[in-house]
Amino acid sequence: MDVLEIRAKSALVRSKIPGVDHVINPYLGCEHGCRYCYAVLMRKYSHHPTSPWGSFVEVKTNIAALLRAELQRKKRQGRALLSSVCDPYQPLELRYQLTRACLEALKKWGWGIDILTRSPLVTRDLDILSATPGVSVGLSIPTDNDEVRKALEPHAPPIGARIAALKRLHEAGIPTWVFIAPILPMDPDRLYEALEPYISHLMVDPLNYRNQVKDVFLKNHWEYELSDHYAAETRATLMLRWEKRGCHAAGQSPGREK
36 MDVLEIRAKS
46 ALVRSKIPGV
56 DHVINPYLGC
66 EHGCRYCYAV
76 LMRKYSHHPT
86 SPWGSFVEVK
96 TNIAALLRAE
106 LQRKKRQGRA
116 LLSSVCDPYQ
126 PLELRYQLTR
136 ACLEALKKWG
146 WGIDILTRSP
156 LVTRDLDILS
166 ATPGVSVGLS
176 IPTDNDEVRK
186 ALEPHAPPIG
196 ARIAALKRLH
206 EAGIPTWVFI
216 APILPMDPDR
226 LYEALEPYIS
236 HLMVDPLNYR
246 NQVKDVFLKN
256 HWEYELSDHY
266 AAETRATLML
276 RWEKRGCHAA
286 GQSPGREK
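Heads up, the sequence shown is in this note's numbering, so the first residue is 36 and it goes up one at a time.
And the structure:
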């Protein structure tokens, strides 16, 4: 892993994500090295334009100071997402604690915070998250099968560890959700059963960059799992389970319109 400390020019980046005003990316690059990651496009903005994704991380050492200055100048509060093109809790966060410093700044200035990560390291910051109104934490969990995870997310935390983190956050009173993206080979009913007790909502998205991982899928005989039909069928199964849960929670019978 090539780790390079850099100086960022800004901390808050305007977002086109609904409900999110800005995104904050404390790192450029990601140690998790997910084979399908769309963020590989960020290489062209880095000092590693031809390096394999997952082989480098550029650490924005001044991002918390920039963020504090930017928040102080803002005339109104907003909502920020950590992060959109890196994992804010990748292993280097243990050393640099940039995400934690950003959370402290957002809390001080009263901003809403959304977090999306694959890492149980997020539970380290429960002290800040529990004391901050308007926080939500999402875990990216695209499969229930750890062998699939090893093939496509070779350096990301095990699926069981992510679910355990989700449970701990939920039990601490933090609003939690799951991003099932991209849809990888899985048993959707088993994944849903593992997640359902701990989340307030879920999001599902198909595999969009198939050419990046086609060789891995074919090697593992996952030809069907590359298809549009598999993605649509799996998404339908997950969302139907979720909609039925909403009906029961509202005292409605399954199938009744909300």
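Even glycine gets a Cβ: it sits at the ideal position worked out from N, Cα and C.
- The shortest CA-to-CA distance from residue 80 to any of 70, 63, 73, 95 is the one to 63.
- The Cβ atoms of residue 220 and residue 260 sit closer than 7 Å to each other.
- A distance below 6 Å between beta-carbons, with the five flanking residues on each side excluded, links residue 121 to the following residues of its chain, in chain order: 60, 62, 65.
- When C-alpha distances from residue 133 are compared across 179, 71, 96, 78, the shortest belongs to 96.
- Around the beta-carbon of residue 52, fewer than 16 other beta-carbon atoms lie within 10 Å, marking it exposed.
- Contact between residue 205 and residue 227 does not hold, since the beta-carbon distance rounds to 16 Å and is not under 8 Å.
- For residue 142, the uninterrupted alpha helix (DSSP H) segment begins and ends at 133 to 143.
- If you draw a straight line from the Cα of residue 55 to the Cα of residue 114, it is about 5 Å long.
- When secondary structure is reduced to three states using DSSP, residue 219 falls in the coil class, being assigned neither helix nor strand.
- Residue environment for residue 179: buried (at least 16 other C-beta atoms within 10 angstroms of its C-beta).
- Within the stretch 174 to 234, the beta strand (DSSP E) runs of at least 3 residues that lie entirely inside it are, in chain order, 211 to 215.
- One alpha carbon belongs to residue 189, the other to residue 103, and they sit about 35 Å apart.
- Cβ atoms of residue 141 and residue 92 stay farther apart than 8 Å, at about 22 Å.
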